[in-house]
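So the structure is just underneath, and the comments pick up after that.
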Amino acid sequence: MINPNPDERQFLILAAKKLSGEATPDESSRLAKCVQENDAYRTTFDHMQALEQTERNHQFLQSAIRVLCGTANKKESGEIDALEKDDPQRWQKFQFMRAVLTGIARAGKVEDDMKPEPMPERVRLALAARLKETRKSAKG
């Protein structure tokens, strides 16, 4: 197990609070100072933010798909509904996903409803005659 020194420990505590949304303005300022003064802390915090954002994106996609498929629980449905007001960018992503999946579903239904029609006999005979002519020309 890694035992961080007191400065590293303080940085990690501040970073965790900031990422969880629990940091006070003073703690946010102290974290900003830490990452400004120490390149290693800046790199570490950037990676932590990227991982946290990736996790949020993953959770959003999972919830959005469950909502669109009708398998979401009430909490997930409520979180997605709240995006319209709370996070318009994610709401737009959700609406785009809805449009794409609806289009895919409609296309699948259209294909299921379509039945292949047999080629009209006169067209078949004309094509067969043309093919015969082409073969004769190629041999001669």
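Take -8 as the starting number for the sequence shown in the numbering used here and just add one per residue.
Just so you know, even glycine gets a beta-carbon here, dropped at the ideal spot from N, CA and C.
Note that the structure is a prediction, hence the values are computed from the model and not measured.
Around the beta carbon of V58, 16 or more other beta carbons lie within 10 angstroms, which makes this residue buried.
L5 and E18 have their alpha carbons spaced roughly 6 Å apart. For G12, the three-state secondary structure derived from DSSP is coil. A55 counts as buried, since no fewer than 16 other beta carbons sit within 10 angstroms of its beta carbon. L92 places its beta carbon 7 Å or farther from that of W82.
For C60, the number of other beta carbons within 10 angstroms of its own is below 16, and it is reported as exposed.
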